[in-house]
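Sequential numbering of the first sequence, starting at 2, is according to this note's numbering.
Don't be surprised by glycine CBs; every beta carbon is placed ideally from N, CA and C.
Every value quoted in this text rests on a predicted model; they were computed, and no experiment measured them.
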Amino acid sequence: MNYSKNSQDFFEQVYLVVKEIPKGRVTSYGAIAKYLGATRSSRVVGWAMNNAHSNPDIPAHRVVNRNGQLTGKLHFSTPFAMEELLKSEGIKVKKDTILDFKKHFWDPSIELAL
DNA sequence: TGGTTGACGTCAG
DNA sequence: ACTGACGCCAACC
Numbered sequence: 002m003n004y005s006k007n008s009q010d011f012f013e014q015v016y017l018v019v020k021e022i023p024k025g026r027v028t029s030y031g032a033i034a035k036y037l038g039a040t041r042s043s044r045v046v047g048w049a050m051n052n053a054h055s056n057p058d059i060p061a062h063r064v065v066n067r068n069g070q071l072t073g074k075l076h077f078s079t080p081f082a083m084e085e086l087l088k089s090e091g092i093k094v095k096k097d098t099i100l101d102f103k104k105h106f107w108d109p110s111i112e113l114a115l
C-alpha cells in the first residue's frame, strides 16, 4: 500500500483498518500505525481519529492506547459513550481502562496480514 | 511562515 | 517499577 502518497491516504488507511475491527475487539493506535508501516506516527493515528468524527462508520471506541486506557473518551459526544459502547460489546471497562485488554486485542498486522 | 499542541509509543535514567 | 524526554506528522494559531 502506498501510504506515503499523502496525508489523505494515511487517514483513509486508518479509517479502513478501524472499520475492519470486529465487534467486541479493540486495538491500539500504535498497532494501526505499525500496520501502516509508521510505528512512530501513532500520534497521527490519533489525529485521524479526531478527524474521524466526520465519519460515523468508524467505531473509534474500539481504538485505545497501548495501555488499554480510554484516553479518547473525552472526545466523544459524552464521556460515558465510549465506555458504554465497549460494555455493550462484551468488553469490561474499569476506571477508564479495558480489562483483559490483551485478550480482546485485535492486531491488524496479524489479522489483516493474512 | 514559524511555533505549539495532541485520542501515542519507545527509550533512557 | 516509575518518571521524564524525544520523535513523529498534521492541524491550529
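DSSP state of residue i, grouped into three classes?
i, result
"TRP107", "coil"
"SER89", "helix"
"SER29", "strand"
"LYS20", "helix"
"ASP58", "coil"
"PHE11", "helix"
"LEU116", "Examination of residue 116 is not possible in this model, given that the chain is present from 2 through 115 alone."
Buried or exposed for residue i, please, with buried defined as at least 16 other CB atoms from any protein chain shown within 10 angstroms of its CB.
i, result
"PRO80", "exposed"
"GLY91", "exposed"
"THR28", "buried"
"HIS54", "exposed"
"PRO57", "exposed"
Tell me which same chain residues have a C-beta within less than 7 Å of the C-beta of residue i, skipping the five on either side of it?
i, result
"TYR30", "SER43, VAL46, GLY47, VAL64, ASN66"
"PRO60", "VAL19, ILE22"
"TRP107", "ILE22, PRO23, ARG26, VAL27, THR28"
In the DSSP output, which residue or residues are listed as bridge partners for residue i?
i, result
"GLN70", "THR98"
"VAL65", "SER29"
Please report the Cβ distance between residue i and residue j, rounded to the nearest whole angstrom; I am assuming they are in contact, meaning their Cβ atoms lie under 8 Å.
i, j, result
"MET83", "GLY73", "7 Å"
"LEU87", "ILE99", "7 Å"
"LEU71", "ASP97", "5 Å"
"PHE11", "LEU37", "7 Å"
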